[in-house]
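Following: one structure in structure tokens, then a few remarks.
Residue numbers (the numbering used here), protein chains in the order written: chain A, 886 to 1193; chain B, 9 to 321; chain C, 224 to 744.
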């Protein structure tokens, strides 16, 4: 490292660690590696669901309800040929194949996780930037956010679900709304602190236009904390979806998610535990993986918070 | 100081007003029609319209809001559409189970989580640390109701140590009260233990690296004394914070736990009210929960300013 | 020696005493929580059941389906069948100790008939009701009808329960605020906590009839001191609690959990309501495509009852496919005109749809997901209707949302609906007048709003016909007309057993669960 260039370099030294070193550190972190692998596996399962020996997850069959794992059923196709299908994880109270539902459930549950996290962060980012930058609006926005935050998340989600008829979109909205104020707070505090930095003040003095200022100086600082925040939002989204299903106001059972497979099976837990067991394992593993990923990311991207 | 407290108290008012407006608007925009729910299967359109009129649901939203807000200011929460009882009375009848559950949960969580967290910090990097951290991540990853059913299956059905469900008021005898409270409280405390243990570990770790602890060590003070006298004391602030944050978590958990164990508390009142579109009750309960949340966080803030001179006011 | 015996006896007495106190309280998990307590104001079954606890009726239905006097000691019918004189039994009092009078009964009949469909119909025949003295009253009719005695003994919602005059004077569209009856149990208002439990105690001054109890008729002898209905929303937890002996009875255990109960020696299952219930599909007649009778007929071909019953009940011991529109096992039941229907003849259904010019626009099927007994109906209906040529948009929500939506006449794109499914207690649909879904009086009909003058004429004829044989003929004519206009479709008959601990005995066979005559040993 030579001293010469540093003297000449402008004071806009961006956050130190170069991206490549960061990636290396991430991959080497065992927590991130395990979490990432599990998550990747679940994503693959979700994506390739139709080719993993599944049936239509919504096809009901009243004559073979509540069968234990391993039950074999002969399926007659329209052309008269018969095949034997083994219900690896049994069937539910409508005779649907639990294995197929769990595999397809990966799709929906992950979709919920990803969409909730990204939309909550996108909306939160915009509001947070506005609140942090446009001083006159700050007070109003933050009081509103305080109000939103004061309503316990689950209750808020319940109330939002009852707003619309229950469906995929309304459940996603219901989970997003309570997350927004948390994102806004993070973004706003970053904006406020970055504004005080000498290099940003210098840029403002130099007449840098707002969009450029945002993209150049403010946004990059929000990326790391928001990625971390995003993983935790994703993990909690999967859980909240399950809880809404449990309370009977989640995604309609036509669309399989781990949450509503479990919610449906809970009444028969004592007789047919497989309805809760298998989706439960998948759900817990995934949430665990996302949480591990989040922890690892935070330790690596945000060393100040390491260990928390 | 007094001025600060007063200012903080006043600052909660707009928050609660916003909550009230939000909740009110949200519910009045829902497609559900409480009148139809109340009327039942045989009712015809005319009868439903009559009920709607009696409940005041056919008036403009603004009028409905003003009536409600006016009554609220006079301390009148209104009357439940369904239970036909004053909501204040309903809530009072439901407070004991929920408070008992919340206190028992906190008690279990704190008495388990703080020693665990301190231990993990002290044995930083050891297998004990890893197990505690592993558990705390796991605790966040399993839905409350699954934990509940698993505990019921093992401890109530298979072993028969505890009743399967129900609640007995404290006035009905201490042993019955405790017997019915243990399983729900343990169920609910899992996520809390995870949260607090994590936070305790982190803050104790941070403090252990501070200079004065090193000095104390250098002076040859007993390790246990260092841990409990210095480290934990200084780690108290972040731990208290996490308890405050956890209140929201606890409220969400109460709703589910009370449903699993059929505990007649505020959580079940909320779910029942939502499913029945009992607007005045939902409004009152959400407002109450939000008030509790805001109140507890206010107390925590005030506690900081009392105990931590670094915080300016 | 003698001393030792004495202590032993004393000890036994103490033990016996405590178990006696235990034996005097029945803890029951009913199918729902009691939130509303006015059985005239709402038709909810849980409120009807509550009504049977604290109120009494003038007439009641026995096990065989005959209407028998209950509070009425005797009555006379004039030769022209236009004047009826009723005399009340001696010694009946309200729970507050005041005597039951004819004026109380008249006020109660008036309030009931303002709300109940049978009552409303009955009133079109009634000229005057007048009290003769404190214990007797006279009903004068404009023309003869079988509805008077039948209506006063109507077994299910709304049951004409008798209330004190001051309570019965309450506007029928306002809930009553005083809960005093003359029935065998008293409501403990101070212990009633909605969402938790409702408590009843034995009414000490109740004078049961001398006849043994039969169905809802006969002597109502309360054999336990105290009954608690507990609100347990989780089905499995209710069954767990019953198996653990924490409670004595579950009124409607989930079908899939019945094997668990049937396999346990400490549990007895009571098939107390052989008429049971009827799953029903209801169309919205005001919205396309179901404003076209041909499209509704197509549904009767596409569906079959067995699939619905298998998916919801599962155990053939508890279900029975029954095509008759008036409850299999009763006098009016008939298969006339039902040939070929409900046999999943998808080709016929598709043909009819083509004839009707169905445009393939998805029909909105309301699906309730939180009521165990209804949840599985939706997916079965969707599958069968799709095979029958329909496009189906199944919209899932909680039951209360279904209830809110089904009363809206809005077009589909404004939150309206096409089809929904529910369940009727058979005792509510025994004949064309009482079965609300046959009411085809357009806007005045129940949700779904069928509109057919001929059907209304037949229902009116039925009400005017006192002769049972002729009634049956009219009922068959109703069924034939139904085949044309298809007001609704029955998806199969089933019954839910009551599950009790084996030390509970005396559950009566009746269209509603009642708790007099029930003992706990």
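No residue lacks a Cβ here, since even glycine has one placed at the ideal position from N, Cα and C.
On a predicted model such as this, the values are computed, not experimentally measured, just so you know.
Non-local C-beta neighbours of residue 407(C) in its own chain, meaning closer than 6 Å and more than five positions away in sequence, comprise 426, 429, 443, 445, 739, ordered along the chain. At least 8 Å separates the beta-carbon of residue 27(B) from that of residue 460(C).
Between residue 1034(A) and residue 1066(A), the C-beta spacing is below 8 Å. Assignment of residue 981(A) by DSSP, reduced to helix, strand and coil, places it in the coil class. Proximity of residue 114(B) to chain A, defined by a Cβ-Cβ separation below 8 Å, is not satisfied.
Exposure of residue 132(B) is indicated by the presence of fewer than 16 other C-beta atoms within 10 angstroms of its C-beta. Shown here, residue 591(C) sits in a strand according to DSSP, grouped into three states.
Within chain C, the residues whose beta carbon sits less than 8 Å from that of residue 1133(A) are 592, 593, 621, listed in sequence order.
Residue nearest to residue 418(C) within the set 266(B), 192(B), 79(B) is 266(B) (criterion: CA-CA distance). In terms of Cα proximity to residue 1010(A), the closest of 1110(A), 1124(A), 1161(A), 999(A) is 1110(A). For chain B, the residues of the segment 399 to 426 of chain C that bring a beta carbon within less than 7 Å of one of its beta carbons are 416, 417, 418, 419, in chain order.
Excluding sequence positions up to five before and after residue 1171(A), its CB lies within less than 6 Å of the CB of 927, all in the same chain and listed in chain order.
In the DSSP annotation of this structure, the continuous segment of the alpha helix (DSSP H) that includes residue 1114(A) starts and ends at 1104 to 1131.
Taking C-beta separations shorter than 6 Å and ignoring five residues to either side along the sequence, the partners of residue 405(C) in its chain run 279, 315, 317, 323, following chain order. Inter-residue distance for residue 945(A) and residue 1147(A) is about 17 Å (C-alpha atoms, whole angstroms). Residue 496(C) counts as buried, since no fewer than 16 other beta carbons sit within 10 angstroms of its beta carbon. Chain-order list of chain A residues neighbouring residue 371(C): empty, with the shortest C-beta distance near 43 Å, by a criterion of under 9 Å. The C-beta of residue 368(C) has 16 or more other C-beta atoms within 10 Å across all chains shown, which makes the residue buried. Secondary structure note for residue 958(A): its beta strand (DSSP E) is the uninterrupted segment 956 to 961.
Cβ neighbours of residue 1030(A) within its own chain (closer than 6 Å, five residues either side excluded): 1066, 1069. Under the 8 Å criterion on CB atoms, residue 67(B) is classed as non-interfacial with respect to chain C.
According to the DSSP assignment, residue 715(C) belongs to the beta strand (DSSP E) that extends over 711 to 717. Residue 972(A) is bridged by DSSP to 956(A). Under the Cβ distance rule, residue 469(C) counts among the residues neighbouring chain B, one pair being separated by less than 8 Å. Around the C-beta of residue 620(C), 16 or more other C-beta atoms lie within 10 Å, and the residue is accordingly described as buried.
Annotation: the segment 302 to 327 of chain C contains the following complete segments of the beta strand (DSSP E) (minimum length 3 residues), in chain order: 306 to 311. Looking at 190(B), 302(B), 154(B), the one whose alpha-carbon comes closest to that of residue 109(B) is 190(B).
If you check each beta-carbon in the segment 263 to 277 of chain B against every beta-carbon of chain C, the ones closer than 8 Å belong to 267, 268, 269, 270, 272, 276, 277. Per DSSP, the continuous alpha helix (DSSP H) segment holding residue 622(C) begins and ends at 622 to 629. Just so you know, the alpha carbons of residue 42(B) and residue 962(A) end up roughly 47 Å apart. By the neighbour-count criterion, in which a residue is buried when 16 or more other Cβ atoms sit within 10 angstroms of its Cβ, residue 97(B) is exposed. Ranked by Cα distance from residue 468(C), the options 488(C), 457(C), 478(C) are led by 488(C).
Collapsing the DSSP output to three states places residue 674(C) in a strand. Within the same chain, 972, 975, 976 come within 7 Å of residue 952(A) by CB-CB distance, once the 5 residues on both sides are set aside.
A direct Cα-Cα distance of roughly 51 Å separates residue 1160(A) from residue 1101(A).
Here the C-alpha atom of residue 95(B) lies approximately 12 Å from the C-alpha atom of residue 295(B).
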